[in-house]
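Please read the structure below before turning to the comments.
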Amino acid sequence: MYELKFDENLCKTCPTGDCLVKCQYLDVEKKTAVEEMVKIGQGEDSFVLQDCVTCYACEEYCKRGNHPFYLITERREEKGILTSPRAITKQWINIGEPQGKYRLGDVKERVLSFGFMPEFLQWVKGKLFEDVMPSYIFGQEFFCNVVYIHFANTSIIKERLPKVVDNFRKLGVKEVIFVHDECYGAFAHLAPAYGIEVPFKSVHYFEYLYNRLKELKDFIKPLNIRAAYQRPCSSRLSSDQHHFVADIMELIGVDLIERKYQGENALCCGGIYAMAFGYDLAHDVQKRNIDDMVEHGAQYCIFNCPACQSSIGAEVAKRGIKPIHLIHLCKMAIGEM
Amino acid sequence: MDDIAHSLAMIVGEAYFSNQPEEAYFYARDPGLMPPHKPDYVVVPKSVEEIQEIARLASREKIPLVPMGAGLALTGLTIPLKGGIVMDMKRMNRILKVNEKARHVIVEGGTSQGLLKAYLEKNYPRLRHSMPDSPATATIAANVMIHGQGRLTQQYGFNSDMISGLEVVLASGEVCKIGSCSMSPDWFSKGAPMPDLTGLFLGWFGATGIITKVAVKLYPKKKMRDVEIFITDREDLVPDMVYELTHTEMVEDINIFAQPKPMIFKDNHHIAIFITGDTDEELEFKRKMTWYSLDRFIKSKDGGFMGVPPVMKPTLLEMPQRSVSRFADVKKGGGFEYSGPIIMVEKYPECAHKIVELAEKYDLGYSGMARIIGRSHAMMYGFAFTFNRADPDMMDRTRKALHEVSEFALEAGGVFWKATVDEQKMAMEKMDPNTLGIMKMIKENLDPNGIMNPGNWEVI
Ligand SMILES: Cc1cc2nc3c(=O)[nH]c(=O)nc-3n(C[C@H](O)[C@H](O)[C@H](O)COP(=O)(O)OP(=O)(O)OC[C@H]3O[C@@H](n4cnc5c(N)ncnc54)[C@H](O)[C@@H]3O)c2cc1C
Ligand code: SF4
Chain A
150 MYELKFDENL CKTCPTGDCL VKCQYLDVEK KTAVEEMVKI GQGEDSFVLQ
200 DCVTCYACEE YCKRGNHPFY LITERREEKG ILTSPRAITK QWINIGEPQG
250 KYRLGDVKER VLSFGFMPEF LQWVKGKLFE DVMPSYIFGQ EFFCNVVYIH
300 FANTSIIKER LPKVVDNFRK LGVKEVIFVH DECYGAFAHL APAYGIEVPF
350 KSVHYFEYLY NRLKELKDFI KPLNIRAAYQ RPCSSRLSSD QHHFVADIME
400 LIGVDLIERK YQGENALCCG GIYAMAFGYD LAHDVQKRNI DDMVEHGAQY
450 CIFNCPACQS SIGAEVAKRG IKPIHLIHLC KMAIGEM
Chain B
1335 MDDIAHSLAM IVGEAYFSNQ PEEAYFYARD PGLMPPHKPD YVVVPKSVEE
1385 IQEIARLASR EKIPLVPMGA GLALTGLTIP LKGGIVMDMK RMNRILKVNE
1435 KARHVIVEGG TSQGLLKAYL EKNYPRLRHS MPDSPATATI AANVMIHGQG
1485 RLTQQYGFNS DMISGLEVVL ASGEVCKIGS CSMSPDWFSK GAPMPDLTGL
1535 FLGWFGATGI ITKVAVKLYP KKKMRDVEIF ITDREDLVPD MVYELTHTEM
1585 VEDINIFAQP KPMIFKDNHH IAIFITGDTD EELEFKRKMT WYSLDRFIKS
1635 KDGGFMGVPP VMKPTLLEMP QRSVSRFADV KKGGGFEYSG PIIMVEKYPE
1685 CAHKIVELAE KYDLGYSGMA RIIGRSHAMM YGFAFTFNRA DPDMMDRTRK
1735 ALHEVSEFAL EAGGVFWKAT VDEQKMAMEK MDPNTLGIMK MIKENLDPNG
1785 IMNPGNWEVI
């Protein structure tokens, strides 16, 4: 079985305890943060294991190369501490079960991966993607399964991810551009953290879009709009890619508004919170988030994750802000929408 | 053409009469499992007078007379078990009068659910009736005849509880008005405060009279409608969950389903909760109240609200919900039947176990689906099986499974809904003899020659 590389000695000498101090859902100061992480590392009980809402952010807050969120998840699973109702967890695990219904385009060494998000089959069209399309893959067989960390279920990830890696290996691909950043996070960061070998280069679609837009710069008409960015939980697993959002906005003439819940302080879309914890937490987070967009004069809300878009897109629209996925925004900039 | 054929053709017009094998083939069967039996004649009348004449003729000649709506009850109720005349009501499809302020509509005895829905949407967008999920061609009169249930059943009871008057043609050919309309121009009550005589007809499957008009109560139609799905892996907790939900009095309809496919539905019980509102605030308030009502189950991790994928919502919000009909053809042979006993909600866990047990025993595709009736007063639990009509073995296995459902339902204290002839016999055997005695009196007096849908509710 794959084991997580986590070094609690790093915590013992940690000068900040940022993983928990910066947490937006727990109220913890440095001393407690470090103590609790050490306890968790040693397999002891901690209130953190009960109260963590699975926003993933501590993976990003820790700058010392540790994996606090993966660890919390592992320990929860070992202790049988559920994050979500059992039925919800079962449902999600069932949805991700390979069914032999995957779809392959004309797969080349360089390929686009849509994971298990059917929206992308429609969205990934036009000049932006002609460089690589129709080389694509879609389906549960290529689904990273990382979402199960929300459900404190790493064993299903450890069981399925190596098979998924193997499916990629069988296709002989050398470079995979992931259109969902959770998948990118899975292959670029989570797999190595668990010692799973990945036989291809992972590219985040942010980077791909950025480079492509530079190639298509003659087609770009600056959009001259003010937009908020809804940063998804999964982006915390690939925080090295986050800067591309600002870079792309600059290329296409979008004024990314400065607001309270951005960057490290981003708030979750609340979709998972609703399923796991009920009405109040989800609605509180959503309200604060959208109020913040409104207060700072956003005309558009840019989504990176289709699941976030379906969680709060309608609510955002009701408040007079246009919800749009990053891919569509880029298409708009080159006159394709 | 024999004399009877000639007389019938004279009554309804040649174009609306047939004694030809094509029509006999078609009218001999329904989409369910009952063996077919051919009628001798098929008529499609257009007026009350024509129906009266046909009834007089049938009485005089002692020919069976079987009224039929869309023939979608599935349990063989329109199959002419003893031949005779099938009277297809579909041409009696006028919407006669809507009283907007008193919220009711008077329709003819063959008017379809779809027609009324479309008519109201166009002309009275603030009014609605309790739509069942049967295909839109199903008729309103037949649905109340079999005590159907629809989208408003959780709020107002069986669809037959929502009527406010009937006009019936008896076997003798007499026309009879039932309810306030018997002494007033207004159709606002089916009985109260007078003796309620609708029971002489409703639930009798046409064996005591033919409904030529029915007044159906209409209800406020809110501008918005939404659905949430609460899921649980604990079927034993479903009755408590329903109890909490119905306590809120915020919910339009509650349906529960459990089925093994597609994968998103595997392993869980799904409580689909429909809410309506005229404003965002009203809708959100109701949503909040329903979510709060189930909070303790979320806290104990025994259930949670699933994220309903955007592609799934329109399907769920459709009226009628066509996915039910699609399920009817999963075996690609167009066979579908469900036994839907009316039973206490507390029996949900037993029903849920039973359907899985039977599906495994007889190797059948299944879906268990329940609709809550009233504020948890009862439920219709549908044991639905699909089968391929071209596969006699599968049909036989389905028949056996449904027979076991009937035995189980009776044992569990349930009452058959739209009972097959066999179930009617089982019910009458179990029934209090004095109750049966009253049924006998009614049947003998209203249908002395035993010509009305014979084979059904034959009290011996
Ligand atoms: C996919 C599917 C989904 C369904 N979902 C629902 C549902 O959600 N709720 C529900 O209640 N039902 C449901 N049903 C069952 C059934 O289709 C409906 O109840 C429907 O309303 C029956 O109407 P019908 O016109 O087809 O009746 P028929 O089958 O034509 O008739 C039913 C009975 O009424 C008698 N009858 C017909 N017309 C008259 C009349 N004018 N006077 C006297 N007797 C008459 C017939 O002789 C027969 O005994 C469903 C069926 C299917 C196939
Ligand atoms: S996980 Fe990282 S941030 Fe948290 S205590 Fe350990 S080293 Fe510090």
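First to last, the sequence lines map onto chains A and B.
Mind the numbering: the first sequence is residues 150 to 486 in our numbering, read in order.
Mind the numbering: the second sequence is residues 1335 to 1794 in our numbering, read in order.
Ideal placement from N, C-alpha and C gives every residue a C-beta, glycine not left out.
Under the three-state DSSP convention, the category residue i falls into
| i | result |
| --- | --- |
| V1400 (chain B) | strand |
| S1518 (chain B) | coil |
| G412 (chain A) | helix |
| T1566 (chain B) | strand |
| T238 (chain A) | helix |
| P311 (chain A) | helix |
| V1439 (chain B) | strand |
| C479 (chain A) | helix |
| I326 (chain A) | strand |
| C207 (chain A) | helix |
| R385 (chain A) | helix |
| V1645 (chain B) | coil |
| S1446 (chain B) | strand |
| L261 (chain A) | strand |
| A1549 (chain B) | strand |
One or two residues paired with residue i in a DSSP bridge
| i | result |
| --- | --- |
| D1587 (chain B) | B:F1608 |
| M1558 (chain B) | B:G1611 |
| I1544 (chain B) | B:V1503 |
| D491 (chain A) | Outside the displayed span of chain A (150 to 486) sits residue 491 (chain A), for which this structure offers no information. |
| Y1375 (chain B) | B:I1419 |
| C1510 (chain B) | B:V1502 |
| M1765 (chain B) | Answer is none; M1765 (chain B) lacks a bridge partner. |
| N1433 (chain B) | B:H1438 |
| C293 (chain A) | Paired residues: none, contrary to the question. |
| C450 (chain A) | A:A377 and A:P472 |
C-alpha distance - residue i paired with residue j, whole-angstrom precision
| i | j | result |
| --- | --- | --- |
| I1338 (chain B) | S1516 (chain B) | 33 Å |
| P371 (chain A) | I397 (chain A) | 11 Å |
| S284 (chain A) | F327 (chain A) | 12 Å |
| L1411 (chain B) | P1643 (chain B) | 38 Å |
| I1563 (chain B) | D1374 (chain B) | 49 Å |
| G1716 (chain B) | P1654 (chain B) | 16 Å |
| P312 (chain A) | K319 (chain A) | In the sequence under discussion, the amino acid at residue 312 (chain A) is Lys, which differs from the Pro named in the question. Each residue's alpha carbon lies about 10 Å from the other. |
| A236 (chain A) | A1349 (chain B) | 57 Å |
| E268 (chain A) | S1381 (chain B) | 54 Å |
| E1586 (chain B) | R1485 (chain B) | 7 Å |
| R1428 (chain B) | V1658 (chain B) | 27 Å |
| C293 (chain A) | V314 (chain A) | 9 Å |
| V1755 (chain B) | K1734 (chain B) | 15 Å |
| V1572 (chain B) | W1751 (chain B) | 22 Å |
| Q1447 (chain B) | P1767 (chain B) | 37 Å |
| E208 (chain A) | N243 (chain A) | 27 Å |
| I305 (chain A) | E178 (chain A) | 33 Å |
| V1400 (chain B) | A1358 (chain B) | 13 Å |
| F426 (chain A) | I1632 (chain B) | 6 Å |
| K1424 (chain B) | I1565 (chain B) | 40 Å |
| P1554 (chain B) | R1462 (chain B) | 6 Å |
Interface partners of residue i on chain B, CB under 9 Å
| i | result |
| --- | --- |
| Y121 (chain A) | Since the displayed chain A opens at 150 and closes at 486, residue 121 (chain A) lies outside it and no answer follows. |
| E331 (chain A) | Near E331 (chain A) there are no residues of chain B at all, since even the closest Cβ is about 16 Å away, more than 9 Å. |
Contact list for residue i against chain A, beta-carbon separation under 7 Å
| i | result |
| --- | --- |
| P1644 (chain B) | S459 |
| T1566 (chain B) | A236 |
| K1600 (chain B) | N243 |
| W1625 (chain B) | G427 and Y428 |
| M1640 (chain B) | I237, Q240 and M424 |
| K1622 (chain B) | Y428 |
Within chain B, partners of residue i - CB distance below 8 Å
| i | result |
| --- | --- |
| F426 (chain A) | I1632 |
| L159 (chain A) | Those within 8 Å of L159 (chain A) in chain B number zero; the least Cβ separation is about 33 Å. |
Amino acids of chain A, ordered along the chain, whose beta-carbon sits closer than 9 Å to that of residue i
| i | result |
| --- | --- |
| G1637 (chain B) | P234, R235, A236 and I237 |
8 Å Cβ cut-off: residues of chain A touching residue i
| i | result |
| --- | --- |
| M1597 (chain B) | N243, I244, E246 and Q248 |
Worksheet item: What are the complete alpha helix (DSSP H) segments, minimum 4 residues, inside the region 1675 to 1728 of chain B?
Response: 1682 to 1696
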